[in-house]
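Chemist: Under our numbering, the first residue of the sequence shown is numbered 2, with each subsequent residue one higher. Structure in structure tokens, see below.
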Amino acid sequence: MGGQAIVERIISDAQAEAEEIIAAAEKKAADTVAKAAERAERNRQGTEAEVKVKTDGILDGKAATARLDCAKIALAEKRGVIDEVYARALGGLVGAGKAETLYLAGRLLNAYAEDGDEIIFADNFRYAQEVAKLDAVREKHLKISAKKADIDGGFILSGKNSDKNLSYGALLAADREVYQSEIAAEIFKD
2 MGGQAIVERI ISDAQAEAEE IIAAAEKKAA DTVAKAAERA ERNRQGTEAE VKVKTDGILD
62 GKAATARLDC AKIALAEKRG VIDEVYARAL GGLVGAGKAE TLYLAGRLLN AYAEDGDEII
122 FADNFRYAQE VAKLDAVREK HLKISAKKAD IDGGFILSGK NSDKNLSYGA LLAADREVYQ
182 SEIAAEIFKD
């Protein structure tokens, strides 16, 4: 072989080796890029999943808060309606006619008065003189007080052992404790 042929052979071998090195480098670069793209896709999907979980949590929390706020508002409105029912009932008791007032007073005195109790009427009680003439007053030896009480209608029974608040406000408050849920269920049927 001549010198020229040896040089050409060396160059040819070098070019083949260079092409192999370049092909291997390009393959390694392509593999590296593919792995990097795969990692980036996994990271993107993981981040999207985390963001979805967090946003769902925030949205669920906001929705729960909104539902709770709505329930609070509805409850406040319902309480307002029940308050109005009892306010009107109080107005009805205070403004009741003579026959109804005497009937109620008689029932209360028969049920709660003890022998010798003193009746202290509310400032706004209109039928004190008529109540003083009821059979229960005479039978139980009840006294009529000259002083007046600052209460929501009705009267107070003051006795040796205890006082009994039979004001209309107290009677309605006791009624509300017992019947409020039933009244609400009847008013707010859904």
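Every residue, glycine too, gets a C-beta built ideally from N, C-alpha and C.
Sort G117, R139, H142 and G155 by Cα distance to S128 and report the nearest one.
Modeler: Position 127 of the sequence shown, counting from 1, holds the residue named residue 128. Looking at the sequence itself, residue 128 is Tyr, so the reference to Ser does not match. It is G155.
Chemist: Is there at least one non-hydrogen atom of the ligand PLP closer than 6 Å to the beta-carbon of K53?
Modeler: Judged by which ligands are present, the structure shown has none, so any question about the ligand PLP falls away.
Chemist: Given a cut-off of 7 Å on the beta-carbon distance, is the pair G160 and L135 in contact?
Modeler: By one-based count along the sequence shown, residue 160 stands at place 159. By one-based count along the sequence shown, residue 135 stands at place 134. No, the pair does not count as a contact, with Cβ atoms beyond the cut-off.
Chemist: How should L143 be labelled, buried or exposed, when 16 other C-beta atoms within 10 angstroms of its C-beta is the threshold for buried?
Modeler: Here residue 143 corresponds to residue number 142 of the sequence shown, with the count starting at 1. Classification for L143: buried.
Chemist: Determine which residues share a DSSP beta bridge with E119 and list them.
Modeler: Residue mapping note: residue 119 aligns to position 118 of the sequence shown, counting from 1. Note: E119 sits in a beta bridge opposite K144 and S159.
Chemist: Using only the alpha-carbon positions, how far apart do A38 and T48 sit?
Modeler: On the sequence shown, position 37 is the one that residue 38 refers to. On the sequence shown, position 47 is the one that residue 48 refers to. Between A38 and T48, the C-alpha separation is close to 15 Å.
Chemist: For my contact list, I121 and A97 are in at a C-beta cut-off of 8 Å; report their separation, rounded to the angstrom.
Modeler: Reading the sequence shown from its first residue, position 120 is the one you call residue 121. Reading the sequence shown from its first residue, position 96 is the one you call residue 97. With a Cβ gap of about 19 Å, I121 and A97 do not count as contacting.
Chemist: At the level of alpha carbons, what is the spacing between S163 and A174?
Modeler: Within the sequence shown, residue 163 is the residue found at index 162, counting from 1. Within the sequence shown, residue 174 is the residue found at index 173, counting from 1. Straight-line Cα distance between these residues: approximately 20 Å.
Chemist: Put N125 into one of helix, strand or coil per three-state DSSP.
Modeler: Position 124 of the sequence shown, counting from 1, holds the residue named residue 125. It is coil, neither helix nor strand.
Chemist: Near Y169, what residues of its chain come up, given a Cβ to Cβ distance below 7 Å and the 5 sequence neighbours on each side ignored?
Modeler: By one-based count along the sequence shown, residue 169 stands at place 168. Within the same chain, Y169 has close Cβ partners L91, L94, V95, D153, G154 and G155.
Chemist: List the residues that DSSP assigns as beta-bridge partners of K165.
Modeler: Along the sequence shown, read from residue 1 onward, the residue named residue 165 stands at position 164. K165 is bridged to L158.
Chemist: Please report the straight-line C-alpha distance between R80 and E51, rounded to a whole angstrom.
Modeler: Counted from its first residue, the sequence shown places residue 80 at position 79. Counted from its first residue, the sequence shown places residue 51 at position 50. Approximately 43 Å between the Cα atoms of the pair.
Chemist: Measure the alpha-carbon distance for T56 versus Q46 and round it to whole angstroms.
Modeler: Residue 56 sits at position 55 when you count from the first residue of the sequence shown. Residue 46 sits at position 45 when you count from the first residue of the sequence shown. So the two alpha carbons sit approximately 15 Å from each other.
Chemist: Using the Cα positions of I23 and K36, report the straight-line distance between them to the nearest angstrom.
Modeler: For the purposes of this step, residue 23 is taken as residue 22 along the sequence shown, with counting starting at 1. For the purposes of this step, residue 36 is taken as residue 35 along the sequence shown, with counting starting at 1. Each residue's alpha carbon lies about 19 Å from the other.
Chemist: Please identify the residue among E140, L158 and R139 whose C-alpha is closest to the C-alpha of S1.
Modeler: The question about residue 1 has no answer, for the chain in this structure spans 2 to 191.
Chemist: Give a yes or no on whether the C-beta atoms belonging to Y113 and K165 are separated by under 7 Å.
Modeler: As a position in the sequence shown, residue 113 is number 112, starting the count at 1. As a position in the sequence shown, residue 165 is number 164, starting the count at 1. For Y113 and K165, yes; Cβs fall inside 7 Å.
Chemist: Under DSSP, the alpha helix (DSSP H) around A30 begins and ends at which residues?
Modeler: Within the sequence shown, residue 30 is the residue found at index 29, counting from 1. G4 to V95 is the span of the alpha helix (DSSP H), which, as asked, contains A30.
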